[in-house]
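Notes for the one structure printed next.
2 protein chains.
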Amino acid sequence: MARPRQALLTRERIVEAAAALIDAEGIDACSMRRLATELGVQGPSLYNHFATKAEIVDAVAEAVVAQVDISVFRGNDWREGLRLWAKSYHAVLAAHPNVVPVLATGPGRRPAGLAMAEAVYGALIEAGWSRARATHIGALMRYLITGSALGSFALGFEADPELYDRFPHLHRAHELAAHRAAVDEGAFELGLDLLINSLSDRYDQGVRR
Amino acid sequence: MARPRQALLTRERIVEAAAALIDAEGIDACSMRRLATELGVQGPSLYNHFATKAEIVDAVAEAVVAQVDISVFRGNDWREGLRLWAKSYHAVLAAHPNVVPVLATGPGRRPAGLAMAEAVYGALIEAGWSRARATHIGALMRYLITGSALGSFALGFEADPELYDRFPHLHRAHELAAHRAAVDEGAFELGLDLLINSLSDRYDQGVRR
DNA sequence: TGTAAAAACTTACGCCGCTAGTTTAAGCAC
DNA sequence: GTGCTTAAACTAGCGGCGTAAGTTTTTACA
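One line per chain: the protein sequences are A and B, in this order.
Residues 1 to 209 in the numbering used here are what the first sequence lists, from first letter to last.
Residues 1001 to 1209 in the numbering used here are what the second sequence lists, from first letter to last.
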């Protein structure tokens, strides 16, 4: 086939298909040839629209980050803004777990990532936190959010009970896998509460750097 | 070459070389053929000692985790134990950043990972925390430690200042890259302080579940 | 001493990301 | 309308990947 009368591909269609494929089968399944097949096209045709595979994956990550609600910083106290943003971010990552490893390696230099950093950092600065502390708090929230989304803590324990003979406290660890979501959710909520409450205490005591 | 009089490879030598290669050039550089070359051997020979590449990488991860000091839970208050363990874990990951993505996806079902889980969970249980809370606290610490080791928050911002025109609060963000280590360290320390102090407060108030 | 296992080898399969060059259609200048 | 440039698909192929299969030689043990 030569150039078709109507273009078969667009950047949007490619990113959509890539996102769907990654969500459904993970990042390893998203090869150029496979993705192209999914789009009814031959592999190298994708290079007419993206220079590298990394660019496609980046665009998928960008689309995910763009779903996070950063409007919550407007009209809310910094505490409430931070809490609502973190919950939104957490929910978005929970909905796209296979994309998390991509996001975890950097805030991204694309618009949505920068807009998010601006919103978080700006809210903290305007609340009166020092620049250094605002940076730390932003980084810290990211650790909690991506950390909890990345490796399900519970899932690491296999269902083989005899494995835990040498570890008396872990003798019921294999049951964790069944409650995976609840455990991860509980740990995230606990972390969010602890961090925001103790930051709030410091703030109220006037310690803002 | 057929079977040599003296075996060229051992599992230890392979894991050592793999760890060195991953530390030096990252996980992508550690292909079977490249690793074999590094050991003066042909690629498939490695399969006489490990069934898959994943097993080799797992063994490297195991060796890294084994460096974490879990003896600190003995003879220390749970708070101090948690703090010292977290610092040791953090230091080990900081020394092997290229291994972190492997660790981040699960606590590992290998002995060192299990022993670590046992030590952390056991210390919390023996201090009187409920099973559910002990699990949450352990997961939470993991989020902080691996999260801070994974993506340097600071490094994500590129050195191109004009990129930040639209984001007034980020106009100095590109300077972060230079202080990367300090920023990540500061955020980690802040998180550790906040989490342990507020857990300690709850504990002292009798809230242990 | 004969045999089985171990540990290296070579060859090869089917993937991968990506490059190069080809073909045809679309869009625009004259 | 004709002709040129660009766009968007194609096919062919490169070097690298993880790994399977089968070969050769050495070692260890019955």
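The C-beta atom is built at its ideal place from N, Cα and C for all residues, glycine as well.
Judged by beta-carbon spacing, Ile1014/B lies within the 8 Å limit of Phe1050/B, meaning their Cβ atoms are closer than that value. For Ala1059/B, there are no neighbours in chain A by C-beta distance under 7 Å, as the nearest C-beta there is about 16 Å away. Cβ-Cβ distances below 6 Å link Ala104/A to Thr146 and Leu150 in the same chain, with the five nearest sequence neighbours on each side left out; the list follows chain order. By the rule that beta-carbons nearer than 8 Å mark a contact, Leu194/A touches chain B.
Only residues of its own chain outside the window of five on either side were considered, and among them Arg1208 have a CB closer than 7 Å to the CB of Gly1128/B, listed in chain order. Residue-level contact by beta carbon holds for Tyr143/A and chain B, with a gap shorter than 8 Å. Relative to Asp23/A, the option among Val92/A, Leu140/A, Gly138/A and Glu118/A whose CA is nearest is Val92/A. Take the alpha-carbon of His1090/B and the one of Tyr143/A: they are about 13 Å apart. Beta-carbon to beta-carbon, His136/A and Ala1187/B are separated by about 4 Å, close enough to satisfy the 8 Å threshold. Secondary structure of Met1001/B (DSSP, three-state): coil.
Just so you know, the alpha carbons of Ala1063/B and Pro1101/B end up roughly 15 Å apart.
Put simply, the CB of Asn1197/B is near chain A, with a gap under 8 Å to one of its CB atoms. Neighbours of Glu38/A in chain B, taken as residues whose beta carbon is under 9 Å from its own, are absent, since the nearest beta carbon is some 25 Å off. Counting the other Cβ atoms within 10 Å of the Cβ of Gly1191/B gives 16 or more, which makes it buried.
Contact between Leu114/A and Leu1039/B is ruled out by a C-beta separation of about 44 Å, above the 8 Å threshold. In the three-state scheme derived from DSSP, where H, G and I count as helix and E and B as strand, Gly1081/B is classed as helix. One finds nothing in chain A with a Cβ atom closer than 9 Å to the Cβ of Val1068/B; even the nearest lies about 15 Å away. Setting aside the 5 residues that flank it on each side, Arg1110/B is surrounded in the same chain by Glu1062, each with a C-beta closer than 6 Å to its C-beta; the list follows chain order. When the Cα atoms are used, Ala173/A and Gln42/A turn out to be separated by approximately 47 Å.
DSSP, read as helix, strand or coil, puts Gly186/A in helix. Excluding sequence positions up to five before and after Gly1026/B, its CB lies within less than 8 Å of the CB of Asn1098, all in the same chain and listed in chain order.
For Ile125/A, the uninterrupted alpha helix (DSSP H) run begins and ends at Pro111 to Ala127, by DSSP.
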